[in-house]
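In full-length UniProt numbering, the protein residues as written are 1 to 683. Backbone N, C-alpha and C fix where the C-beta goes; we use that ideal spot for every residue, glycine too. This report concerns only the one structure given below.
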Amino acid sequence: MQEFQDLRTDLQRVTYVAQRGEMRALRFEQSYSRKSEEEAVSFEQIYDTLIANEASAAKALEVMKKCIQKTPPGNITALAVRYMKRGWASLLLEYFEAAEADAKISLSFDCPEELMWNSYEILGYCRARIHDYKAANTYFSRALENLRRGAVSNEVKATAAARIMAVFKTVKDKKNKKSGADKPDETKKPFPPIPQLSYGPNKRFPSASSALSFVTMEGKGRCTVAKRDIKPGDVLMVDSPFCTMINPSFLDTHCFHCFAGVATPTPCASCAKVWYCGEACREASWASVHQAECHVLDYLLDVNIGKLALLSFRVLTTVTWPGLQRMRQSIETLAEAEAEVKDEPQKEMEEEAQEGKSAEHHPLQWQGKYLAQDYRTVLHLTSNADKRSFGDMFKRSVTAVYLAHCLKISGFFGSQDVEEDDMSFVASVLLRHLQGGSCNAYEISELEVSGEGLSGGKLQEVGGALYTTISLTNHSCVANVARYSIGDKCVLRALVPIPRGGEVLDNYGFFFHSSTVNERQEVLLNQYKFRCECRACAELWPLYPHHTSEILIFHCPSPGCYSPCSYSTSSRTACNVCGNQQQYAKLMHDMEQQLKHYNDLLAQVRKGTTANTLPQLLSHSTFMTRHVVPPVKHYTDLQEVIKRCYILQGNIFRPCQAATPVEVQQRSAPRLRPSKREVVLPR
């Protein structure tokens, strides 16, 4: 234990671990969820049993997803029929857009049309639902024609033909509706638009607004400071990730590449573990990261090696081995220089504080532009190596060596014959990122909602990412900005006015109103290696709702007074400290009007109306920040409402819900009741 603790550099630590007998005895082989036609057939048989009962359609849909995921990509006919079957299950559940998408995918395989009659039937129903009767007629006609030519039993033909004809007759002579209001938006994108940076981009830090400057401060490190007065709602950063990862619990519901929720996912062509929203994301993922990790994915998602394993692995596959070799000398020089750093700067800062001097700001030194895809920005993230315990550092060192072996068998080095010093170097870089990621990785979030507005939504962490510009902001338990995700991008917006020269302060997930000072300090010290000295911690602000009753404290507006006063709707019209009447009475009147208007705004937000109400909420935030004395329940509530409005402009996930049944079904057409023999796998 002491021998390991005496080691100075990450290279020494991973070399020490790699030489242990247990690590030398490790043998790595490819480990991933493989395609299997045998397993796919088993899933299909279960599907055929379930789909015979319409009440089991939801289970049948999930089984068919697994079936498709297990199907080898070369089995074209089987894939076509299985996509058709998945579309049929979606249709029974009235997930019409998902059903139509799968029917079109099934037809894209160019299989004999007599096998695909059910796909045309699905498309007929989906088109009829949105009153596109001309297309519905065409699809139903082709369904009947191909059904007659199909190699299915006469019983199946008779049942299916009767079902199709019952609907076909209903829509045959109908004319398309002129209004396109019910038609799906073909241009709909999975994510909201990315907002523009307020005041334009920073010339040297293009992911940030020109309203920001970046400095270093003794005792605090790198900081973000306002170069001008900032208003609530200002977009201060829009940061792209250096690399990302999905959380394993979302593998079955979200795109492995872009994190969009998907109802009709496309599987990886090589493994049976991950899904994509479409062919474009599948190809982009394979070209960028998944090709390297696909056959070792079980190792990378092992819960025993921590959540940062896949992210750290992806940092190196993004850089590539040739890219890492080009930077090898500078990386090793940086590591040596950090090992030589002593405590003199901290001691000097403490001595200056005792003498009454304030810590100085210095411009952040950086050569060239600070770009999201520049590996140097990741390399220089704080690792806090000198503050880590033996157990923490030893476990990360073991994980780093483990990941280096995963890289080796994935083909990262271009050969399985790898020099030991190259393995140690790569492991040392992995160790650096395993440390830096614990302090600098951020969540990719989404709001799962069943409706609109504030009620019922659940914010969830879909994945993680390295945002190197956002990482330049420090923490406060009373943050003046808020983050939210759009796709894999992170947006940082002001919650309250930030004066020129004020520090931009993010929150790392620990708010003063939801956890005690001791709880916050313990977690921040353990994970981020610092003790928070924000106002809420220094003044021991109470938890929400802060007081036993709603007491709104504000500053007297009289110049030279600024005494705290308690808001009341009583007839008192003068400050009880300075006696000012005119300004005091005006503020009381304005306060009353503001609070009344806020209640109206809150009602609108709860109904889902945020586009028009957000600017007014931000104006209310400016007013309250100028006059209120925190902490107070109303002010905390206001910040939370604004945060939720921001989040509603980001990633939203709405699980599939049953839509209104098609008009033709309401006109006594028979319910869709498939027989398990209606869609058959060709022999």
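Straight-line Cα distance separating K458 from T49: 35 Å
The alpha helix (DSSP H) enclosing C537, as first and last residue numbers: R535 to A538
Note down, in chain order, each residue of its chain lying with its Cβ closer than 7 Å to the Cβ of I46, except the 5 sequence neighbours on either side. V63
Apart from the five residues on each side of it in sequence, which residues of its chain come closer than 8 Å, Cβ to Cβ, to C578? C556, S558, G560, C561 and S563
Backbone secondary structure at T244 - three-state DSSP: strand
Between F140 and chain C, is any beta-carbon pair separated by less than 8 Å? Protein chains in the displayed structure number just one, and chain C is not present.
Between the segment 96-114 and the segment 156-165, do at least 3 Cβ pairs fall closer than 8 Å? Pairwise C-beta distances place the segment 96-114 out of contact with the segment 156-165, as fewer than three of them are shorter than 8 Å.
Taking the alpha-carbon positions, what's the Q583 to V496 distance? 24 Å
Please look up how many angstroms separate the CB atoms of I164 and F140, rounded, as I've assumed it's under 8 Å. 6 Å
I need the boundaries of the alpha helix (DSSP H) containing F554, first residue and last residue. Counting along the chain, F554 falls outside any alpha helix (DSSP H), though it belongs to the beta strand (DSSP E) covering I553 to H555.
Less than 7 Å between C-beta atoms, sequence neighbours within five positions excluded: which residues of the same chain meet that for P345? Here P345 scores only 45 on pLDDT, less than 50, and its place in the model should not be relied on; the value that follows carries that caveat. Same-chain partners within the cutoff: E218.
Under three-state DSSP, which class holds G221? strand
If you run the structure through DSSP and keep just helix, strand and coil, what is A335? helix
With distance defined between alpha-carbon atoms, name the residue in Y402, F653, T333 and L7 nearest to L430. Y402
Given this structure, state the Cα-to-Cα distance separating I470 from F250, to the nearest angstrom. 24 Å
Count the other CB atoms, across all protein chains shown, that sit within 10 Å of the CB of A538; report buried if there are 16 or more and exposed otherwise. It counts as exposed.
Residue environment, M423, which counts as buried when at least 16 other CB atoms sit within 10 Å: buried
What number of angstroms, rounded off, separates the C-alpha of K59 from the C-alpha of I68? 15 Å
What residues in its chain sit with their C-beta under 7 Å from that of A135, if we drop five residues either side in the sequence? R127
Which residue wins for smallest C-alpha separation from R228, given the options E503, N599 and Y508? E503
Assuming V238 and V491 form a contact by the criterion Cβ under 8 Å, report the distance between their Cβ atoms to the nearest whole angstrom. 5 Å
Measure from the alpha carbon of D374 to the alpha carbon of each residue in G323, V523, R222 and C271, then state which is nearest. G323
Excluding the five sequence neighbours on either side, which residues of its own chain have a C-beta within less than 7 Å of the C-beta of I498, listed in chain order? A226, I230, N480 and V504.
Give the range of the beta strand (DSSP E) segment to which I486 is assigned. V481 to I486
Okay, do the segment 271-284 and the segment 30-42 touch, 3+ Cβ pairs below 8 Å being the bar? yes
Looking at the unbroken alpha helix (DSSP H) that takes in M423, where does it start and where does it end? E420 to N440
Where do the ends of the beta strand (DSSP E) carrying H513 lie? Taken as a continuous stretch (DSSP letters only), H513 belongs to no beta strand (DSSP E), as it is neither H nor E.
Pairwise C-alpha distance: L543 and F530: 22 Å
Is the CB-CB distance between N440 and L381 below 8 Å? yes
Residue environment, R24, which counts as buried when at least 16 other CB atoms sit within 10 Å: exposed
Just the C-alpha distance for Y370 and F205, rounded to the nearest angstrom, thanks. 5 Å
Alpha-carbon spacing of Q12 relative to E338, whole angstroms: 14 Å
Candidates A162, I130 and G200: closest to K174 by CA position: I130
Can you give me the Cβ contacts of N247 inside the same chain, cut-off strictly under 8 Å, excluding the 5 residues immediately before and after it? K307, E461, V462, G463 and G464
The beta strand (DSSP E) with E461 in it runs from where to where? In the DSSP assignment, E461 falls within the beta strand (DSSP E) that extends over K458 to L466.
Report buried or exposed for D488, applying the criterion of at least 16 other Cβ atoms within 10 angstroms of its Cβ. buried
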